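To keep things clear, I will list the structure first and then write my remarks on it.
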Amino acid sequence: MQFPYGLSDFGTLIEHGYWYQDRTDRLAALEDSGRQLIFLRPRRFGKSLLLSMLEHYYDLNRADRFEALFGSLAVGRNPTPLRNQYFVLKWDFSLIPAYGEIADIEAALHRYLNGCLTRFVADYQDHWTREIQLHPGDALASFQSVLGAVRATPHRLYLLIDEYDNFANEVMMADRPGSQDRYQTLLQGEGLFKSVFKAVKAGAGGLGVDRVFITGVSPIVLSDMTSGYNVGEDIYLLPQFNDLCGFTESEVSAVLRQLAGEGGDWSADDALATMRTFYNGYRFSEDATESLYNPTLSLYFLKALAHQGRYPRRMLDENLAMDRNKLIYIAQLSGGEELLVEALSGEDQVLVPELVQRFGVADVLAAVKDEPFMASLLYFFGILTLAGLTSFDECRLRIPNLVARGLYVERLRERWLPLTESARELPEATRALGQRGDLVPLAELIEQRYFRVLSNRDYRWTNELLVKFAFLTLLFDDRLYMAVSELETGRGYVDLALIVRPDKRRFQVLDLLLEFKYLSLKELGLTGEQVRERSREALAELAPVARKLDEAEAQAHAYGATLKERHGLTELHAFAVVALGLERVVWRMLPLNGLAKNHPAASERRSPRSPD
Numbered sequence: 001m002q003f004p005y006g007l008s009d010f011g012t013l014i015e016h017g018y019w020y021q022d023r024t025d026r027l028a029a030l031e032d033s034g035r036q037l038i039f040l041r042p043r044r045f046g047k048s049l050l051l052s053m054l055e056h057y058y059d060l061n062r063a064d065r066f067e068a069l070f071g072s073l074a075v076g077r078n079p080t081p082l083r084n085q086y087f088v089l090k091w092d093f094s095l096i097p098a099y100g101e102i103a104d105i106e107a108a109l110h111r112y113l114n115g116c117l118t119r120f121v122a123d124y125q126d127h128w129t130r131e132i133q134l135h136p137g138d139a140l141a142s143f144q145s146v147l148g149a150v151r152a153t154p155h156r157l158y159l160l161i162d163e164y165d166n167f168a169n170e171v172m173m174a175d176r177p178g179s180q181d182r183y184q185t186l187l188q189g190e191g192l193f194k195s196v197f198k199a200v201k202a203g204a205g206g207l208g209v210d211r212v213f214i215t216g217v218s219p220i221v222l223s224d225m226t227s228g229y230n231v232g233e234d235i236y237l238l239p240q241f242n243d244l245c246g247f248t249e250s251e252v253s254a255v256l257r258q259l260a261g262e263g264g265d266w267s268a269d270d271a272l273a274t275m276r277t278f279y280n281g282y283r284f285s286e287d288a289t290e291s292l293y294n295p296t297l298s299l300y301f302l303k304a305l306a307h308q309g310r311y312p313r314r315m316l317d318e319n320l321a322m323d324r325n326k327l328i329y330i331a332q333l334s335g336g337e338e339l340l341v342e343a344l345s346g347e348d349q350v351l352v353p354e355l356v357q358r359f360g361v362a363d364v365l366a367a368v369k370d371e372p373f374m375a376s377l378l379y380f381f382g383i384l385t386l387a388g389l390t391s392f393d394e395c396r397l398r399i400p401n402l403v404a405r406g407l408y409v410e411r412l413r414e415r416w417l418p419l420t421e422s423a424r425e426l427p428e429a430t431r432a433l434g435q436r437g438d439l440v441p442l443a444e445l446i447e448q449r450y451f452r453v454l455s456n457r458d459y460r461w462t463n464e465l466l467v468k469f470a471f472l473t474l475l476f477d478d479r480l481y482m483a484v485s486e487l488e489t490g491r492g493y494v495d496l497a498l499i500v501r502p503d504k505r506r507f508q509v510l511d512l513l514l515e516f517k518y519l520s521l522k523e524l525g526l527t528g529e530q531v532r533e534r535s536r537e538a539l540a541e542l543a544p545v546a547r548k549l550d551e552a553e554a555q556a557h558a559y560g561a562t563l564k565e566r567h568g569l570t571e572l573h574a575f576a577v578v579a580l581g582l583e584r585v586v587w588r589m590l591p592l593n594g595l596a597k598n599h600p601a602a603s604e605r606r607s608p609r610s611p612d
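Position 70 of the sequence shown, counting from 1, maps to 70 under the UniProt record's numbering, and the rest follow consecutively.
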């Protein structure tokens with residue numbers, strides 16, 4: 001099987017035999033939904049391929065290729081009356097530079113649009129009966145001339161606009177002086193960008209434009225261009241289009257089983273469980289009944305399986321690493337870091353009355369950022385997703401999957417513990433725990449460095465959340481683990497489970513379970529100095545500490561049994577961990593099982609040290 005990773009041209013996919021998940025059965029529903037549609041999805045979620053499919057389906061120049069392109073697909077068996085009935089014009093605003101002085105940006109916009117119109121005129125040259133004038137310095141005049149020629153034919157125009165909000169996103173994420181002023185000049189008043197959409201709106205009023213389909217990431221520009229283009233219909237929250245882009249679990253499972261049938265030293269069930277953990281979880285409608293897999297990440301994984309016979313080494317495709325900038329932006333806002341912590345803490349704790357669906361760049365850059373605003377931005381960026389409604393009709397949001405969670409962890413770790421301060425200590429500490437079950441180096445790192453940083457944050461930690469975040473941000477590593485915080489087991493939520501990836505079980509790596517508790521110094525009845533002077537062994541014997549260790553141990557036993565059954569584990573190294581104020585960490589290694597005799601390299605491991 002050939003997987004079209006990085007390809008967004010529908011014709012290439014079909015004609016060269018690439019795997020394509022058919023979405024042509026939605027064309028009739030799209031036609032019925034309106035003539036000017038706006039569809040938003042996160043970056044690299046298949047929007048460009050969707051537009052390319054629409055282009056090939058409606059283009060009158062491709063009528064003779066309809067059977068070759070669509071004959072084997074759903075719409076080929078039941079085409080709509082509008083197939084191959086349009087002149088198709090496509091604009092991709094990501095190709096327009098978003099930097100420089102205002103005159104440079106306007107000139108680039110005119111050049112780009114005129115280039116698209118020049119190709120359009122040439123592509124349909126046999127249809128023109130009216131002369132078309134292209135104006136090198138005025139793309140809007142060129143557009144009007146093209147529409148005049150279109151009206152003189154029996155056909156009308158279908159306009160496709162990809163990444164309509166690219167410029168706004170560039171402005172928002174960039175920290176360049178004058179960006180906001182340039183944006184406002186282009187989009188507000190009689191700015192050129194706004195004038196482009198006014199021309200589209202006018203063209204759709206009987207002047208040649210029959211249909212428009214616009215894609216983007218967020219609704220930022222929609223607010224700023226309200227009077228310029230207030231006729232678009234938002235379809236991105238409708239349940240019938242929840243999976244217009246993205247893959248369902250049944251679709252992913254079918255592909256994996258077909259691949260496995262072609263040969264390979266891997267399990268389709270294990271691969272599906274891994275993909276579910278890392279890539280599934282997106283839900284774009286409150287009424288959707290099924291979550292989705294990120295299509296780009298799924299293709300990245302499937303291509304590695306098909307070509308290399310194994311999982312990719314890193315589960316995060318670096319082409320999606322730009323999403324880090326979104327979290328950097330949010331973390332720098334007032335209350336932003338607290339929102340990231342709230343999202344990471346699990347149990348769908350991010351609640352907003354409703355998604356903020358219309359906001360302008362001025363709001364993003366200058367206005368007060370409350371939690372609904374920031375959470376809505378993260379939803380549109382694909383770093384939070386819908387998890388349902390509360391009994392009070394609030395939107396519940398969650399981090400969709402482990403790849404997105406990794407971006408959160410990475411960002412918080414960078415803010416709390418700069419790499420330069422732990423370049424040597426952290427790798428050795430994580431290796432000691434992951435290979436030998438030795439918690440001492442990591443506990444010392446947390447006590448000496450991390451607690452000092454976390455205690456100075458400008459929001460209040462609660463109970464074991466502090467210690468959980470210390471361990472989570474330091475241990476998260478998708479190279480070896482499915483590191484899951486707040487994993488639901490049916491009996492409750494595991495604080496932190498580090499389950500070895502199925503493809504990494506040939507290495508000397510332990511499956512780990514950690515349950516956390518917290519005792520304040522006041523509850524303990526000791527001063528910070530007294531806690532620091534005592535050994536961990538002595539601290540663990542104190543009655544309040546022993547009770548907390550017992551509580552954590554009981555939970556670990558209950559959760560551990562579920563985890564072992566769920567992941568087919570023969571062994572699981574579990575720890576009950578108690579933080580004593582912001583001073584010390586004590587723990588108990590639990591006898592859930594010993595080293596399995598058949599575990600690779602078991603004979604080479606030395607026994608973990610007990611707390612000293």
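C-beta atoms are modelled at their ideal positions from N, C-alpha and C, and glycine is treated no differently. Here the structure is a predicted model, which is why all the values come from computation and not from measurement.
Item, Value
"Give the DSSP-derived three-state secondary structure of P206 in the structure shown.", "Here residue 206 turns out to be Gly, not Pro, going by the sequence shown. Note: G206 maps to coil in three-state DSSP."
"Just to confirm, are A23 and M1 a CB contact at a threshold of 9 Å?", "Inspection of the sequence shows that residue 23 is occupied by Arg rather than by Ala. Taking 9 Å as the Cβ cut-off, R23 and M1 do not qualify as a contacting pair."
"Identify whether V121 lies in helix, strand or coil by the three-state DSSP scheme.", "helix"
"Please return the same chain residues whose Cβ sits closer than 8 Å to the Cβ of R324, not counting the five positions on each side in sequence.", "L407, E410, R411"
"Just tell me which of R310, R283, L51, Q530 has its CA closest to the CA of L238.", "R283"
"Excluding sequence positions up to five away, which residues of its chain have a Cβ less than 6 Å from the Cβ of V532?", "The residue you asked about is not Val; residue 532 is Arg in the sequence shown. So the qualifying residues of the chain are E583."
"Does DSSP put residue 669 in a helix, a strand or coil?", "Given a span of 1 to 612 for the chain in the structure shown, any question on residue 669 remains unanswerable."
"I'd like the list of long-range same chain contacts for Q85, defined as Cβ closer than 7 Å, with 5 residues on each side in sequence excluded.", "Y58, L60, H155"
"Okay, do the region 342-359 and the region 9-19 touch, 3+ Cβ pairs below 8 Å being the bar?", "no"
"Going by beta carbon distance, what residues of the same chain come within less than 8 Å of G17, once the five residues before and after it are set aside?", "Q2"
"From R83 to E31, what does the alpha carbon distance come to, in whole angstroms?", "11 Å"
"Straight-line CA distance for K517 to Q555?", "11 Å"
"So F213 and L51 are supposed to be a Cβ contact under 8 Å. How far apart are they, rounded?", "7 Å"
"Would you call the region 255-271 and the region 194-214 touching, i.e. three or more CB-CB distances under 8 Å?", "no"
"Give the straight-line distance between the Cα atoms of Y311 and L439, rounded to the nearest whole angstrom.", "29 Å"
"Indicate whether the contact test is met: 3 or more Cβ pairs, each with one atom in the region 65-72 and one in the region 194-202, closer than 8 Å.", "no"
"Using beta-carbon positions only, say whether R111 and A139 come within less than 9 Å of one another.", "yes"
"Taking R405 as part of the alpha helix (DSSP H), name the residues at either end of that continuous run.", "402-416"
"Name the two residues that bound the continuous alpha helix (DSSP H) containing Y57.", "47-58"
"Hey, quick one: how far does the alpha helix (DSSP H) through L386 stretch, first residue to last?", "Premise fails: L386 lies in the beta strand (DSSP E), 385-389, not in any alpha helix (DSSP H)."
"Cα-Cα, which of E106, D511, P427 is closest to T473?", "P427"
"Which class does I102 belong to by DSSP, given the choice of helix, strand or coil?", "helix"
"Can you tell me the Cβ-Cβ gap for L377 and I446, rounded? I've got them flagged as a contact below 8 Å.", "The Cβ separation is near 32 Å, so there is no contact."
"Between R449 and E337, is the Cβ-Cβ spacing less than 9 Å?", "no"
"Does the distance from the C-beta atom of V484 to that of A497 stay below 9 Å?", "yes"
"DSSP state of Q21, grouped into three classes?", "coil"
"DSSP three-state label for R44, please.", "coil"
"What separation, rounded to the nearest whole angstrom, lies between the Cα atoms of R501 and Y481?", "5 Å"
"Scan the region 524-598 and note each continuous beta strand (DSSP E) run of 3 residues or more that stays entirely inside, going in chain order.", "573-580, 584-590"
"Taking the alpha carbon of Y379 as the reference point, which residue from R41, G34, V121, L7 has its own alpha carbon closest?", "R41"
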